[in-house]
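The listed protein sequences correspond, in order, to chains A and X.
Quick note: the first sequence uses our numbering, first residue 1, plus one each step.
Quick note: the second sequence uses our numbering, first residue 1001, plus one each step.
Report on the structure given below.
Number of protein chains: 2
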Amino acid sequence: MKNLVGTCVFGQSGGPSSVINSSAAGVFIEALKQKNITAVYGAQHGIKGILDENFYDISKEDLNELWLLKNTPSSALGSVRYKLKDASVDDTDYKRILEVFKKYNVRYFFYNGGNDSMDTCNKISKYLLSSGYNCNIIGVPKTIDNDLYGTDHCPGYGSAAKYVATTMMELNLDATVYNSGQVTIVEIMGRNAGWLTAAASLASATGGEGADLIYLPELPFDIEKFLESVRNVTENSQGKCIVAVSEGIKDIDGRYIAETLATLSASKDNFGHTQLGGLAVSLANLVKNKLNCKVRAIEFSLMQRCAAHLASAVDVEEAFTAGQMAVKAACAGETDKMVVFVRDDSSSGVYKCVPTLIDVALAANTEKKVPLEWITPDGTWLKKEFIDYALPLIQGESKAPLENGLPRFARLAKILVPKI
Amino acid sequence: MKNLVGTCVFGQSGGPSSVINSSAAGVFIEALKQKNITAVYGAQHGIKGILDENFYDISKEDLNELWLLKNTPSSALGSVRYKLKDASVDDTDYKRILEVFKKYNVRYFFYNGGNDSMDTCNKISKYLLSSGYNCNIIGVPKTIDNDLYGTDHCPGYGSAAKYVATTMMELNLDATVYNSGQVTIVEIMGRNAGWLTAAASLASATGGEGADLIYLPELPFDIEKFLESVRNVTENSQGKCIVAVSEGIKDIDGRYIAETLATLSASKDNFGHTQLGGLAVSLANLVKNKLNCKVRAIEFSLMQRCAAHLASAVDVEEAFTAGQMAVKAACAGETDKMVVFVRDDSSSGVYKCVPTLIDVALAANTEKKVPLEWITPDGTWLKKEFIDYALPLIQGESKAPLENGLPRFARLAKILVPKI
């Protein structure tokens, strides 16, 4: 579908990251240059903004503010968790999207998100194609979970991993400061994939000190073995032990440890994911009762995904590039694709990743987990393969300029396009 | 007591901060230059290291590593929470300190900490004086709580305040990203003084956005009024509200809200302080039940005091200066004093603080709180007086060099002095 002429819409979906707006900057700045793109719209709250015809007119934004977006965390347009039904079950939303796209002559659609968002791209793409409406659709990957299939890694992961590694180093110095023992349990995001929790190993890999034990959801979590490992560490370190644990650890039967321990009635989000929380506190109580020692539970909470002041320069630049590339590819006629990064291992020792495209259907709803062979046999640490993989992704610094000692984030005018 | 010739001991006490080691760097680098100081010792775990004769020989450290201390968080020598009894009640520890000081010819003692540590300095100073043992003792102030009497502010506060303000800005962008309401409760350290929680106001003062409501322990906390305020904010902001709350908020009868809500049997530390925790979760549950809305509880936990990657340059430099000045003052014959900072308001608009000395007895066991007239009448925000006071303290950046994308913190050899 070459040479489409019309407007473009960009939307942000799912949990925010430090660099989702870097991709927005890439999309907007590139789209504003393209002669085939007649107007650049930002959808308010992702797909909801399309359904409700709430579009921000990006051409009305100050270009300097768009550049500041590159280092502004979270999702400037507003995000959404909204799962489209299969069109065969209920095509109401699809009809509406087609109607809106026709009305605003939307010929380019870019959607930034994780697996669910790539599924959304794919479903809309198929529906529009079957309706005979030409629109080039490219997915821009984003997730701190790093669990998207088909790409070496995801924009968002490097910065969150840098937060985890840096903070583990700082916490290690703090949590071991007294002349008495303390077991510190740090809970890190990741429902099914342990990429982010694994980043706790980077602290030690580079000569500093971070966690003593690391638990990923890729392997079943055995409470008795865990207590034994903590006991072993404390016996050799004056009672001190730091544990990094993924929120999504499960027992051998696939039951979340957080649920087992808290016996909470876990609520579920719109995608059917179980909403977790409180694992660190539950594990800390367990350790306290079983090992009779001082404990501290720490949750990195939202900070691990929005600490843009600690973003990785590699990540920020790649996120920007992914946005730019999506626009260039769509304008060159590509559709139903997702931008991915392929690592070039030809020059050993030097990190190089090349952006390219894959069919978005391949990424939709598939989760990429940490390879089991990258985890040590006892299941409490990561091997060199992981360090070699992840360390290049946290390099360099890129952050907002300071004003009065605080970050100067983008301030968008957010002028709504008049409804037609 | 001029011209004392002998060894010096430096110790670190109480909760760590991002800059307690900056003061250590100042003490060590200055002490190594002083001709009257025959050896420079670091006490392992503060006063405990003196009682146990565990001293690190600082002259054996690489000078580059001592400079790296300036940007290494926590307490490199190890900290301690140990309260000396009054000598009139039990002088065992004092006799031991005198014995150790005589044995190692300790003529200079520098102690870095908060109110309790200044009390320790004062008690030791009095005892040695009454025993006819000459030793110059200078306290170096440190506390993220900023509650030390007699100084404009404390080293440690500026960096923690910068963490709070920056992180509140980032959290604001993250916590308001969806098209649905959410009340976010952020718990910040501070038992009796709300200085650190008040720093949440700096985010908004500079054009960004942070908390909507701020609660300090200086004013009684009324649960009904709090719920009413949250309800008011959410009604005008699509259900979104961010609350910054000090861990130490109390009701009109002085009872900790955390205790009231959690009805937990609060444990106490060695100084008789009630150990708090879990306030954010308790308040979040309250809001959820009473206002029937989505909530999120966040605790800044240890990160707020050890995030050296986000330290304030003003704070780092002042902490270093405080250490240097303590040594210079002691070598010039001063004793039983604490280094303080006096703000010079003569040149309006330009921040300037001058280090000077006060009697350490003045600072011991006295808490300086946020002036009530700096808090808005409804008790949920800070006035311009606070912003003018605190904003200069979070300026500039000073952090460890990066190695492999992660901070290169000091690695001390920590060679113990052979026991005599």
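Just so you know, even glycine gets a beta-carbon here, dropped at the ideal spot from N, CA and C.
Query - Distance between beta carbons of Ser246/A and Ile188/A, contact taken as under 8 angstroms - result: Residue 188/A sits at position 188 when you count from the first residue of the first sequence. Residue 246/A sits at position 246 when you count from the first residue of the first sequence. Sure, about 6 angstroms apart at Cβ, within 8 angstroms.
Report task. Name, please, each residue of chain X whose Cβ falls closer than 7 angstroms to the Cβ of Lys434/A. Result -> Because chain A spans 1 through 420 in this model, residue 434/A falls outside it and cannot be assessed.
Report task. Report back the beta-carbon spacing between Lys35/A and Ile394/A to the nearest angstrom; my notes put them in contact at under 8 angstroms. Result -> Counting from 1 along the first sequence, the entry for residue 35/A is found at position 35. Counting from 1 along the first sequence, the entry for residue 394/A is found at position 394. The Cβ separation is near 38 angstroms, so there is no contact.
Query raised in the report: Near Asp147/A, which residues of its chain fall below 6 angstroms by C-beta distance, leaving aside the five closest residues on each side in sequence?
Result: For this step, residue 147/A is matched to residue 147 along the first sequence. The beta carbon of Asp147/A sits closer than 6 angstroms to the beta carbons of Ala193, Glu367, Lys368 from its chain, once the five residues preceding and following it are set aside; these are given in chain order.
Query raised in the report: Lys1250/X: buried (16+ other C-beta within 10 angstroms of its C-beta) or exposed?
Result: Your numbering for residue 1250/X matches position 250 in the second sequence. So Lys1250/X ends up on the buried side.
Query raised in the report: Does the separation of the CB atoms of Met1118/X and Val1360/X fall below 7 angstroms?
Result: For this step, residue 1118/X is matched to residue 118 along the second sequence. For this step, residue 1360/X is matched to residue 360 along the second sequence. In contact: Met1118/X and Val1360/X (Cβ atoms closer than 7 angstroms).
Query raised in the report: Using CA coordinates, which residue listed in Ala24/A, Asp91/A, Lys384/A is at the minimum distance from Val9/A?
Result: Locating residue 9/A in the first sequence gives position 9, counting from the first residue. Residue Ala24/A is the option with its Cα nearest to Val9/A.
Query - Beta carbon proximity, Leu1173/X to chain D, threshold 7 angstroms - result: Absent from the structure is chain D; the protein chains it does hold are A and X.
Query - Met189/A - containing beta strand (DSSP E), residue span - result: Stepping through the first sequence from its first residue, residue 189/A is reached at position 189. Looking at the DSSP string, Met189/A is not in any beta strand (DSSP E), and its letter there is neither H nor E.
Report task. Starting from the Cα of Val1342/X, find the closest Cα among Val1186/X, Tyr1149/X, Asp1116/X and give me that residue. Result -> Walking along the second sequence from the start, residue 1342/X turns up at place 342. It is Tyr1149/X whose Cα lies nearest to the Cα of Val1342/X.
Query raised in the report: Rounded to a whole number of angstroms, what is the C-alpha to C-alpha distance between Gly156/A and Pro377/A?
Result: The residue given as residue 156/A occupies position 156 in the first sequence. The residue given as residue 377/A occupies position 377 in the first sequence. Straight-line Cα distance between these residues: approximately 29 angstroms.
Query raised in the report: Would Gly1011/X be called buried (16 or more neighbouring beta carbons within 10 Å of its own) or exposed?
Result: Within the second sequence, residue 1011/X is the residue found at index 11, counting from 1. Classification for Gly1011/X: buried.
Requested in this report: May I have the straight-line CA-CA distance separating Asp91/A from Ser131/A, to the nearest angstrom?
Outcome: Taking the first residue of the first sequence as position 1, residue 91/A is located at position 91. Taking the first residue of the first sequence as position 1, residue 131/A is located at position 131. Looking at the backbone, the Cα of Asp91/A and that of Ser131/A are separated by about 12 angstroms.
Report task. Write down every uninterrupted run of the beta strand (DSSP E) in the stretch 2 to 42 of chain A whose length is 3 residues or greater and which is fully enclosed by it, in chain order. Result -> 6 to 12
Query - Per-residue burial, Glu218/A [other beta carbons within 10 Å of its own, 16 or more giving buried] - result: On the first sequence, residue 218/A is found 218 positions in, with the first residue counted as 1. The residue in question, Glu218/A, is buried, as its Cβ has 16 or more Cβ neighbours within 10 Å.
Query raised in the report: In the structure shown, what three-state DSSP assignment does Tyr108/A receive?
Result: Stepping through the first sequence from its first residue, residue 108/A is reached at position 108. Note: Tyr108/A maps to strand in three-state DSSP.
Requested in this report: Tell me, please, whether the CB atom of Val80/A is closer than 7 angstroms to any CB atom in chain X?
Outcome: Taking the first residue of the first sequence as position 1, residue 80/A is located at position 80. For Val80/A, the answer is yes, since a Cβ of chain X falls inside 7 angstroms of its Cβ.
**Report entry** chain A within 7 angstroms of Ala1165/X, Cβ atoms only
**Finding:** Looking up residue 1165/X in the second sequence gives position 165. Taking Cβ atoms only, chain A reaches closer than 7 angstroms to Ala1165/X, which makes this a yes.
Query raised in the report: So, helix, strand or coil for Gly139/A, using DSSP?
Result: Taking the first residue of the first sequence as 1, we reach residue 139/A at position 139. In the structure shown, Gly139/A sits in a strand (DSSP, three-state: E or B).
Query raised in the report: Under 7 angstroms, do Ala1307/X and Val1281/X count as touching if we go by C-beta distance?
Result: Within the second sequence, numbered from 1, the residue matching residue 1307/X stands at position 307. Within the second sequence, numbered from 1, the residue matching residue 1281/X stands at position 281. No, the pair does not count as a contact, with Cβ atoms beyond the cut-off.
**Report entry** Under 7 angstroms between C-beta atoms of Val183/A and Cys241/A
**Finding:** The sequence position of residue 183/A within the first sequence is 183, counting from 1. The sequence position of residue 241/A within the first sequence is 241, counting from 1. Result yes, Cβ atoms of Val183/A and Cys241/A sit closer than 7 angstroms.
Requested in this report: Identify whether Ser1117/X lies in helix, strand or coil by the three-state DSSP scheme.
Outcome: For the purposes of this step, residue 1117/X is taken as residue 117 along the second sequence, with counting starting at 1. Note: Ser1117/X maps to helix in three-state DSSP.
Query raised in the report: Who are the near neighbours of Thr1139/X in its chain, counting only those whose CB is closer than 6 angstroms to its CB and skipping five residues on each side?
Result: Your numbering for residue 1139/X matches position 139 in the second sequence. Looking at the sequence provided, one finds Gly at residue 1139/X rather than Thr. Excluding sequence neighbours, Gly1139/X sits near Tyr1111, Met1118, Cys1121, Met1338, Val1360.
Query - C-alpha gap between Asp1315/X and Val1019/X, whole angstroms - result: For the purposes of this step, residue 1315/X is taken as the residue at position 315 of the second sequence. For the purposes of this step, residue 1019/X is taken as the residue at position 19 of the second sequence. Approximately 7 angstroms, taken between the alpha carbons.
Query raised in the report: Under a CB-based cut-off of 7 angstroms, is Pro1016/X close to chain A?
Result: Working through the second sequence from its first residue, we reach residue 1016/X at position 16. With respect to chain A, the C-beta atom of Pro1016/X has a partner C-beta closer than 7 angstroms.
Query raised in the report: First and last residue of the beta strand (DSSP E) that includes Asp1057/X?
Result: By one-based count along the second sequence, residue 1057/X stands at place 57. Per DSSP, Asp1057/X belongs to the beta strand (DSSP E) from 1055 to 1057.
Requested in this report: Return the CA-CA distance between Leu1068/X and Lys1102/X, expressed in angstroms with no decimal places.
Outcome: If you number the second sequence from 1, residue 1068/X lands on position 68. If you number the second sequence from 1, residue 1102/X lands on position 102. Roughly 32 angstroms separates the two Cα atoms.
Query raised in the report: Would Val5/A be called buried (16 or more neighbouring beta carbons within 10 Å of its own) or exposed?
Result: Numbered from its first residue, the first sequence carries residue 5/A at position 5. Taking all protein chains shown into account, Val5/A has fewer than 16 neighbouring C-beta atoms within 10 Å of its C-beta and is therefore exposed.
Report task. Just the C-alpha distance for Val350/A and Asp344/A, rounded to the nearest angstrom, thanks. Result -> Position 350 of the first sequence holds residue 350/A. Position 344 of the first sequence holds residue 344/A. Rounded to the nearest angstrom, the two C-alpha atoms are 9 angstroms apart.
Query raised in the report: Can you round the beta-carbon distance between Ala1203/X and Leu63/A to whole angstroms, since I take them to be within the 8 angstroms contact cut?
Result: Translated into positions along the second sequence, residue 1203/X becomes position 203. Translated into positions along the first sequence, residue 63/A becomes position 63. Ala1203/X to Leu63/A, Cβ: 26 angstroms. No contact.
Query raised in the report: Whose C-beta lies closer than 6 angstroms to the C-beta of Pro392/A among residues of the same chain, with five residues either side of it excluded?
Result: Indexing the first sequence from 1 puts residue 392/A at position 392. Tyr351, listed in sequence order.
Query raised in the report: How big is the Cα-Cα spacing for Pro401/A and Glu65/A?
Result: As a first step, residue 401/A must be located in the first sequence, where it is residue number 401. As a first step, residue 65/A must be located in the first sequence, where it is residue number 65. The C-alpha of Glu65/A is placed about 12 angstroms away from the C-alpha of Pro401/A.
Requested in this report: With a floor of 4 residues, list each alpha helix (DSSP H) that falls wholly inside the stretch 159 to 209 of chain A, ordered by position along the chain.
Outcome: 195 to 198, 201 to 205
Query raised in the report: Applying the criterion that 16 or more other CB atoms from any shown protein chain within 10 Å of the CB defines a buried residue, is Glu1099/X buried or exposed?
Result: Stepping through the second sequence from its first residue, residue 1099/X is reached at position 99. Burial call: exposed.
Query - 6 angstroms Cβ shell around Ala1313/X - same chain, five flanking residues per side excluded - result: For this step, residue 1313/X is matched to residue 313 along the second sequence. Around Ala1313/X: Gly1396, Glu1397, Ser1398.
Requested in this report: Could you list which residues in chain X have their beta carbon closer than 9 angstroms to that of Cys293/A, in chain order?
Outcome: Translated into positions along the first sequence, residue 293/A becomes position 293. Listed along chain X is no residue with a C-beta nearer than 9 angstroms to that of Cys293/A; the closest approach is about 13 angstroms.
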